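A.B. asks:
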Amino acid sequence: MFVVKLPTFINNDKYHHKKNKVVKIYEQQKSPYRTNHNYDLRLIILRHGERIDQSLGSDWYDTVFGGIPSAPPLAFKHPSLPHRLPYRPNTLLYVFDPPITHTGERKAIYKGQELAQVGATVDYCYSSPASRSILTANAILKGIHRSHIPIRPEPYLFEPLNWNSVLLLLKDINPFMSSGEWKRAGYNIDQHYARLNNYLNADETEMDYYNRSRQFFDSIERHHGKILSPAYRGLLPRQRTTVLIVGHAASTEMFSTIALQKPFEVKKFGDQCAKVPYLHTVVLERDAITRIWYLRPVMYFA
Numbered sequence: 047m048f049v050v051k052l053p054t055f056i057n058n059d060k061y062h063h064k065k066n067k068v069v070k071i072y073e074q075q076k077s078p079y080r081t082n083h084n085y086d087l088r089l090i091i092l093r094h095g096e097r098i099d100q101s102l103g104s105d106w107y108d109t110v111f112g113g114i115p116s117a118p119p120l121a122f123k124h125p126s127l128p129h130r131l132p133y134r135p136n137t138l139l140y141v142f143d144p145p146i147t148h149t150g151e152r153k154a155i156y157k158g159q160e161l162a163q164v165g166a167t168v169d170y171c172y173s174s175p176a177s178r179s180i181l182t183a184n185a186i187l188k189g190i191h192r193s194h195i196p197i198r199p200e201p202y203l204f205e206p207l208n209w210n211s212v213l214l215l216l217k218d219i220n221p222f223m224s225s226g227e228w229k230r231a232g233y234n235i236d237q238h239y240a241r242l243n244n245y246l247n248a249d250e251t252e253m254d255y256y257n258r259s260r261q262f263f264d265s266i267e268r269h270h271g272k273i274l275s276p277a278y279r280g281l282l283p284r285q286r287t288t289v290l291i292v293g294h295a296a297s298t299e300m301f302s303t304i305a306l307q308k309p310f311e312v313k314k315f316g317d318q319c320a321k322v323p324y325l326h327t328v329v330l331e332r333d334a335i336t337r338i339w340y341l342r343p344v345m346y347f348a
């Protein structure tokens, strides 16, 4: 069992509108975009969809489940909830592990469809164990027509624990559903996946989060990236692998920092995460020869 906690509420809606287009406000930074290179490993990293507790407010559990610890199955049909939200006898655990909304799920499906339209596909899928991330991953895979790809819940993808001190109140109670519970609820979960760790440090800081994210990133390169022989220089790699990673606001910013070898600054990291909207997507590709990572504009897939 791993230690987790409720994430702090951060501002997800810093947008401005211009000519009917939503433009996200981010700090200006130099990004080494490339749109035509021989990649062998592609990572599509997303933040989860709209959280129900941020949509309906802090009393969302009373509104949806009537405030009782063990809600009846009929309550899971509430229109604000995502389709097929897994039933939990101890329904109160959803207070600590809030799901996405029905709207958030629908938008995640649309996001998958948008990715499919620009030529994206998925070979493997990893998700934070939080329900909001797994539900989003399931919806993305549905939209991209890759529902047969099993989801691999990975505790190291959960956001920094010092942003989630409320979870420490649970002590030995795991707020997240197990792989078996998800499987029994009809979700395609890889029950054979060996997690990097089932425990997270209760006293974790952002730097600790950086270190475990680095471990996860390295494991992805080890398991899904192969070195292309110099003899193939200038040629397309024989095999390309695309990995979908669904996590939190911290995920898109952290893995970009790691892949592009940027210095990690705690304050700047927190400020950037506060500006990341739901379903924000970052695409990273590794050059098959140089093994250097690049950002790729989401709208340009090969």
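Using this note's numbering, the letters of the sequence shown correspond one by one to residues 47 to 348. C-beta: ideal position from N, C-alpha, C; glycine also. All values derive from a computational prediction rather than experimental measurement.
What residue does the alpha helix (DSSP H) around residue 149 start on, and which one ends it?
C.D. replies: For the purposes of this step, residue 149 is identified with residue 103 of the sequence shown, where counting begins at 1. First-last of the alpha helix (DSSP H) with residue 149: 148-163.
A.B. asks: Name the DSSP beta bridge partners of residue 92, please?
C.D. replies: Taking the first residue of the sequence shown as 1, we reach residue 92 at position 46. BP columns for residue 92 point to 292 and 327.
A.B. asks: Taking one C-beta from the stretch 159-166 and one from the stretch 110-122 each time, how about it: are there three or more such pairs within less than 8 Å?
C.D. replies: No: the two stretches stay apart, fewer than three of their Cβ pairs being nearer than 8 Å.
A.B. asks: Residues in the same chain with beta-carbon distance under 6 Å from residue 236, minus the five sequence neighbours each way, listed in chain order, please.
C.D. replies: Stepping through the sequence shown from its first residue, residue 236 is reached at position 190. Closer than 6 Å at the Cβ level, and outside the excluded window around residue 236, lie 196 and 198.
A.B. asks: Output the distance between the C-alpha atoms of residue 104 and residue 317, rounded to the nearest integer angstrom.
C.D. replies: One-based indexing of the sequence shown puts residue 104 at position 58. One-based indexing of the sequence shown puts residue 317 at position 271. So the alpha carbons of these two residues sit roughly 23 Å apart.
A.B. asks: So, with DSSP's three-state summary, where would you put residue 201?
C.D. replies: Along the sequence shown, one-based indexing puts residue 201 at 155. Three-state DSSP puts residue 201 in a helix.
A.B. asks: Run through DSSP, which three-state label would residue 236 get?
C.D. replies: Counting from 1 along the sequence shown, the entry for residue 236 is found at position 190. Three-state result, residue 236: coil.
A.B. asks: Taking the CB atoms as reference points, tell me whether residue 92 and residue 289 lie closer together than 9 Å.
C.D. replies: Along the sequence shown, one-based indexing puts residue 92 at 46. Along the sequence shown, one-based indexing puts residue 289 at 243. No.
A.B. asks: Count the other CB atoms, across all protein chains shown, that sit within 10 Å of the CB of residue 26; report buried if there are 16 or more and exposed otherwise.
C.D. replies: Within the shown structure, residues of the chain are numbered from 47 to 348, placing residue 26 beyond reach of any answer.
A.B. asks: Just to check my reading of the structure: residue 248 and residue 215 have Cβ atoms closer than 8 Å, yes? What is that Cβ distance to the nearest angstrom?
C.D. replies: Numbered from its first residue, the sequence shown carries residue 248 at position 202. Numbered from its first residue, the sequence shown carries residue 215 at position 169. In fact, because the Cβ distance is near 11 Å, the residues do not count as touching under 8 Å.
A.B. asks: Helix, strand or coil, according to DSSP, for residue 75 in the structure here?
C.D. replies: The residue given as residue 75 occupies position 29 in the sequence shown. In this prediction, residue 75 scores a pLDDT of 39, lower than 50, which makes its location untrustworthy; the coordinate-derived value is nonetheless stated afterwards. Reduced to three states, the DSSP call for residue 75 is coil.
A.B. asks: Could you tell me the alpha carbon to alpha carbon distance between residue 107 and residue 336, rounded to whole angstroms?
C.D. replies: Start at 1 with the first residue of the sequence shown, and residue 107 comes out as number 61. Start at 1 with the first residue of the sequence shown, and residue 336 comes out as number 290. Those two C-alpha atoms are separated by around 51 Å.
A.B. asks: Within the chosen definition, does the stretch 295-306 reach the stretch 251-267 through at least 3 CB pairs nearer than 8 Å?
C.D. replies: Flag = yes, the stretch 295-306 and the stretch 251-267 touch.
A.B. asks: Whole angstroms are fine: how far does the CA of residue 263 sit from the CA of residue 271?
C.D. replies: Within the sequence shown, residue 271 is the residue found at index 225, counting from 1. Within the sequence shown, residue 263 is the residue found at index 217, counting from 1. Distance between the alpha carbons of residue 271 and residue 263 is about 11 Å.
A.B. asks: Let's see if you can read the secondary structure: which residues bound the beta strand (DSSP E) around residue 193?
C.D. replies: Mapped onto the sequence shown, residue 193 falls at position 147. Looking at the DSSP string, residue 193 is not in any beta strand (DSSP E), and its letter there is neither H nor E.
A.B. asks: Roughly how many angstroms separate the alpha carbons of residue 241 and residue 135, rounded to a whole number?
C.D. replies: As a first step, residue 241 must be located in the sequence shown, where it is residue number 195. As a first step, residue 135 must be located in the sequence shown, where it is residue number 89. Those two C-alpha atoms are separated by around 26 Å.
A.B. asks: Compare the C-alpha of residue 151 against each of 205, 95 and 315 and name the closest.
C.D. replies: The residue labelled residue 151 in the question sits at position 105 within the sequence shown. Ranking the options by Cα distance to residue 151, first place goes to 95.
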